[in-house]
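The block underneath contains the structure these notes are about, expressed in structure tokens.
Numbering (our numbering), first residue to last: 75 to 275.
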């Protein structure tokens with residue numbers, strides 16, 4: 075016959091206390107994960123004129139990018155080409171998603187096309203704008219923010235590329251920290267977005 079040993083309430087509490095402490099420590103460590111990074115956004119430029127537009131309906135696809143750029147990290151490239159991240163900083167979304175949203179907003183601000191939207195909006199577009207983000211990083215060697223985006227206008231009915239071009243901008247970044255790096259990248263992107271909208275009209 076098995077005899078069950080009963081612990082007094084105080085002894086039972088002391089018996090399980092180490093287990094509770096370990097569990098609580100693990101839980102807090104998993105939740106903490108260090109300091110919360112500061113989140114930065116990108117802007118959509120406006121006020122650069124509305125003349126010379128068209129009545130075409132355009133769809134702006136989400137840009138393609140290599141895996142390193144398809145994230146919310148602020149990237150630094152050194153002279154050897156190695157990539158690292160700016161500590162304590164992150165974008166408000168994945169870079170391709172942010173660039174797509176700000177590109178659509180820039181077209182809307184300029185008023186140079188009949189309508190512009192992302193895919194899946196139940197419209198029959200005349201053209202689609204496809205882009206690829208080639209660079210979106212801080213160049214540590216020169217201390218500049220580098221943005222390079224290729225753009226292609228594709229006929230929605232024919233699927234043929236009507237025009238294609240590479241757009242690039244470099245802006246001094248100063249210190250490689252969250253505020254300085256993200257502000258410089260935002261300025262460089264704004265230059266590229268304005269050029270793309272003027273070109274695509």
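Note that the Cβ used here is the ideal one computed from N, Cα and C, for glycine as well. Keep in mind the model is a prediction, meaning the values are calculated, not measured.
Segments assigned beta strand (DSSP E), at least 3 residues, entirely inside the stretch 136-205: The qualifying runs are 147-151, 157-165, 189-191.
Following the continuous alpha helix (DSSP H) through residue 265, name the residue where it begins and the one where it ends. 252-274 is the extent of the alpha helix (DSSP H) around residue 265.
Just how far apart, CA to CA, sit residue 159 and residue 171? The C-alpha of residue 171 is placed about 19 Å away from the C-alpha of residue 159.
Counting only C-beta atoms, is residue 182 closer than 9 Å to chain B at any point? In summary, chain B is missing from the structure at hand, where a single protein chain is found.
Have a look at residue 223 and residue 262 and give me their C-alpha separation to the nearest angstrom. So the alpha carbons of these two residues sit roughly 11 Å apart.
Distance between residue 118 and residue 264 (C-alpha atoms, nearest Å): So the two alpha carbons sit approximately 7 Å from each other.
Quick one: using the 10 Å Cβ neighbour count with 16 as the cut-off for buried, is residue 256 buried or exposed? Residue burial is scored here from C-beta neighbours: residue 256 has at least 16 other C-beta atoms within 10 angstroms and is therefore classed as buried.
Straight-line gap, residue 244 to residue 210 (C-alpha atoms, nearest Å): Their backbone Cα atoms lie some 10 Å apart in a straight line.
Assumed close pair residue 28, residue 120 - CB separation to whole angstroms, cut-off 8 Å: Because residue 28 is not part of the residues shown, which for the chain are 75 to 275, the question remains open.
Residue 199 vs residue 230 beta-carbon contact at 9 Å: Going by C-beta atoms, residue 199 is nearer than 9 Å to residue 230.
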